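Chemist: Protein chains in written order, with our numbering: chain A, 933 to 1092; chain B, 146 to 485.
Just dropping this structure here.
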C-alpha cells in the first residue's frame, strides 16, 4: 500500500514521516517517532493512557488517525519536562505520590495540563471532571486530585 | 421506597507470602570499585516501590546513604533466585534476603577498613554518610570509597554478601490437620458507611475508615500510597468489578472498560487511613507485607453495611444493583409468605 506523507509539530519539533493510511497517531508516535510516552492501554478509547494534546485540545491518540494531524501542533507527556526540570504538574505528581505503576500518568498529566491551561485555579469538581476519562488502577485517584489542587494553589500564589 | 443508611465492620488477618512448597528469595550484594553497592535480584518492581525499599534496607544495613545503593532487578536468567513479586511477599521475603546479604558485605567492608586502619574490625562503625570510623575516635576514619579501592586493588577482597530467605514448607499434621501456613500476619479493620436505594438497588459508599497494622512502615509515604489506593480497589471489588458475563455464555462478557466498571474520580468515598506499627519478629526491620491485604477488608465491611441498611445478605461479588434488588425481592417474598 502506498505510504502517505504527514508533517506536524511534536513537542516543538517539526516532524515528517511517511505512514500507512489508517495508522493511528499513537502507533506513529511510539513506533515511528520514538515518543513512547503515550501508552496503548485499551486501544479503544476508554482508558485515556494514550491522551495527547492536539492544537490545544485533549485527544485520544489511539482513536486519532495520524493522517488527520497534518500541520497540527501535538504535545505529549514526553515533551513536558525542560531537560531535567520536571513540569510543575509532573513535580506535583511526584511530590504527592500520585502515581504508582506509572502507566496512566502520561495520559493523566496531559488531561491535567489542558485543564490548568484553561483554568489555573480549578475547583475539585473541575479536576474530577478533567481526569474522568483517565483510568488509574493504583492510586484511588485522591492523590492525583490533591496533586492537581496543589499546582493550582501554587499558581494562585504566583498570581498574587 | 427509600434511601437507607447502614454501617458495616470487618477485620482481617492476612498472611505475608506463601509457603506451600517453600517460598524462597535470594539476593547478592557487592561493591563497585568506587564503594557504591549493587544489589542483584530477580524480583520485579511493578511500581510498588520494591527498588526504593530494597535500597533503604541495604543502605541501612551497610551504613551508607541510599544514593550509594543501586538495585538491579528482574533478570531471571542471571539473577539470584526469587519466587516473585506477589502474595504480599516482596518487602518481607526479598527484604530479609537483602538484609542478610548486606550484613555479610558490611562485615567484609569492615574487615578491609580494619586492615587499612590497623585496628580491629569489631571496633569500627559506619557514620551513615559514607565513612567508617573507630568507635569513640571518629578522627581515625576511612571513607568507604577508599575502603573499596583498597579491597579491589590492594587487598584482593570482594566486598560482597549472599542473602537467602526461605520459609520451609509446612505440612499438615496427619492427626489434627494443624499446620503453620505463614510466619507473619498483617491486620486491618474497616468501618464502612453506605447508602442503599431500595428502589434501584444502588449502593453508595459514603465513607471508609481503615486501620492497618503493617509491622513497620519502612517507607511511610509509600505505605500510605499503597493503602489509599488499595482501599479504593477494595470498594471497587465489592461493588463494581467483574469479568463474568450476566448470561452464562462467555460471548456476553464485557470486553472493555465500558463494561468492566471501576469507581471513577467522581465516585470516591470519604477515606480515612490509619497505620499502626507493630514490628514483626521475622520481618526486615520489622516490616510485614501490605500489598494485597489493603484491598480486602472493605469487601466484607461494605457487604455488612448493606445488610445493616436493608437487611439482605449478599454473598456474591460484585454487589450490583441487580443483586441487591433480587435479594430485596426474595426477602419481601419470604416475609409475605411467612405472614400469610
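Just so you know, even glycine gets a beta-carbon here, dropped at the ideal spot from N, CA and C.
None of these values were measured; they are calculated from a predicted model.
In chain B, which residues lie with their C-beta within 7 Å of the C-beta of residue 1074 of chain A?
Modeler: In chain order: 373, 413 and 416.
Chemist: Looking at the structure shown, is residue 997 of chain A part of a helix, part of a strand, or coil, going by DSSP?
Modeler: Strand at residue 997 of chain A.
Chemist: Using CA coordinates, which residue listed in B:446, B:188 and B:395 is at the minimum distance from residue 222 of chain B?
Modeler: That would be B:188, whose Cα lies nearest to the Cα of residue 222 of chain B.
Chemist: Roughly how many angstroms lie between the CA atoms of residue 207 of chain B and residue 183 of chain B, to the nearest whole one?
Modeler: When rounded, the distance between both Cα atoms is 12 Å.
Chemist: For residue 937 of chain A, list the residues DSSP reports as bridge partners.
Modeler: DSSP, once it has assigned bridges, lists A:950 as partnering residue 937 of chain A.
Chemist: Residues in the region 319–342 of chain B with C-beta within 9 Å of chain A's C-beta atoms, listed in sequence order?
Modeler: Of all residues in the region 319–342 of chain B, none has a Cβ within less than 9 Å of some Cβ in chain A.
Chemist: Using the Cα positions of residue 945 of chain A and residue 428 of chain B, report the straight-line distance between them to the nearest angstrom.
Modeler: About 51 Å.
Chemist: Does residue 1063 of chain A have its Cβ less than 8 Å from a Cβ in chain B?
Modeler: Chain B, which has a Cβ nearer than 8 Å to the Cβ of residue 1063 of chain A, makes this yes.
Chemist: Exposed or buried, what is residue 255 of chain B when buried is set at 16 or more other beta-carbons lying within 10 Å of its beta-carbon?
Modeler: That one is buried.
Chemist: Rounded to the nearest angstrom, what separates residue 311 of chain B and residue 167 of chain B at their Cα positions?
Modeler: Distance between the alpha carbons of residue 311 of chain B and residue 167 of chain B is about 7 Å.
Chemist: Answer yes or no: does any C-beta atom of chain B fall closer than 8 Å to that of residue 996 of chain A?
Modeler: For residue 996 of chain A, the answer is no, since every Cβ of chain B falls outside 8 Å of its Cβ.
Chemist: Taking all protein chains shown into account, decide if residue 397 of chain B is buried (16 or more other Cβ within 10 angstroms of its Cβ) or exposed.
Modeler: Exposed, by the Cβ-count rule.
Chemist: Would you tell me roughly how many angstroms separate the C-alpha atoms of residue 1086 of chain A and residue 1077 of chain A, rounded to the nearest one?
Modeler: Residue 1086 of chain A and residue 1077 of chain A: Cα-Cα distance of roughly 15 Å.
Chemist: Let me see if you follow: with CB-CB separation under 8 Å, is residue 1077 of chain A close to chain B or not?
Modeler: It does: the Cβ of residue 1077 of chain A has a partner Cβ on chain B nearer than 8 Å.
Chemist: For chain A, find out if any of its Cβ atoms is closer than 8 Å to the Cβ of residue 192 of chain B; answer yes or no.
Modeler: So, interface residue.
Chemist: Which chain C residues are close to residue 409 of chain B, counting only those with a beta carbon under 7 Å from its beta carbon?
Modeler: Looking at the structure shown, chain C is missing, and the protein chains on hand are A and B.
Chemist: Can you name, in chain order, every residue of its own chain whose Cβ lies under 6 Å from the Cβ of residue 334 of chain B, other than the five neighbours on each side?
Modeler: Once the five neighbours on either side are set aside, the close Cβ partners of residue 334 of chain B are 156 and 356.
Chemist: Residue 364 of chain B bridges to which residues according to DSSP?
Modeler: Paired residue(s): none; residue 364 of chain B is not in a bridge.
Chemist: Is it buried or exposed for residue 433 of chain B, if we count other Cβ within 10 angstroms and need 16 for buried?
Modeler: When all chains shown are included, residue 433 of chain B counts as buried.
Chemist: Helix, strand or coil for residue 374 of chain B per DSSP?
Modeler: Three-state DSSP puts residue 374 of chain B in a helix.
Chemist: Taking the runs of the beta strand (DSSP E) that are 3 residues or longer, which of them lie wholly in the region 217–304 of chain B?
Modeler: Complete beta strand (DSSP E) runs here, min 3: 269–271, 276–279 and 282–288.
Chemist: So is residue 1001 of chain A in contact with chain B if we call contact Cβ pairs under 8 Å?
Modeler: So no, residue 1001 of chain A is outside the interface.
Chemist: At a Cβ cut of 7 Å, what residues of the region 1018–1046 of chain A count as close to chain B, listed as they run along the chain?
Modeler: If the cut-off is 7 Å between Cβ atoms, the region 1018–1046 of chain A has 1029, 1032, 1033 and 1034 near chain B.
Chemist: Entirely within the region 983–1033 of chain A and at least 4 residues each: give me those alpha helix (DSSP H) ranges in chain order.
Modeler: With a minimum length of 4 residues, the continuous alpha helix (DSSP H) runs that stay inside the region 983–1033 of chain A are 1020–1027.
Chemist: Can you name the residues that DSSP bridges to residue 334 of chain B?
Modeler: B:156 and B:356, per the DSSP bridge assignment.
Chemist: Hey, how far is the Cα of residue 342 of chain B from the Cα of residue 349 of chain B?
Modeler: Those two C-alpha atoms are separated by around 9 Å.
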